[in-house]
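Residue numbers (the numbering used here): 92 to 186.
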């Protein structure tokens, strides 16, 4: 009789993701919906910065806290904010 070892079948870990919030500052109309609805409160406006239409635009204050919920992206009436997914494992392989 063959003796075999039992090996647990494990699910491979899902790739860890980070997210980058990207603003098109010229498109932003300063409505602040992205700021108001961000569950992690990582967005704000910089009162010292204006776009060409003299409007304050959104800026990211805690990028590492973004969970990629895309609320800001969905709610922006001007399509001025985007979420870019970053694969941490892919970044590590490229270094």
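All C-beta atoms, glycine included, are put in the ideal place defined by N, C-alpha and C. Quantities reported herein were computed from a predicted structural model and do not represent experimental measurements.
Residue nearest to residue i in terms of C-alpha spacing, selected from the options
i, options, result
"residue 119", "179, 132, 171", "171"
"residue 125", "145, 164, 116", "164"
"residue 167", "122, 110, 108", "122"
"residue 111", "178, 154, 169", "154"
"residue 130", "160, 169, 176", "160"
"residue 135", "158, 109, 150, 176", "150"
Per-residue burial, residue i [other beta carbons within 10 Å of its own, 16 or more giving buried]
i, result
"residue 152", "exposed"
"residue 133", "buried"
"residue 162", "buried"
Residue i versus residue j - alpha carbon distance
i, j, result
"residue 114", "residue 173", "6 Å"
"residue 156", "residue 142", "25 Å"
"residue 116", "residue 147", "9 Å"
Three-way DSSP call (helix, strand, coil) for residue i in this model
i, result
"residue 124", "helix"
"residue 166", "helix"
"residue 176", "strand"
"residue 132", "coil"
"residue 155", "helix"
"residue 117", "coil"
"residue 108", "strand"
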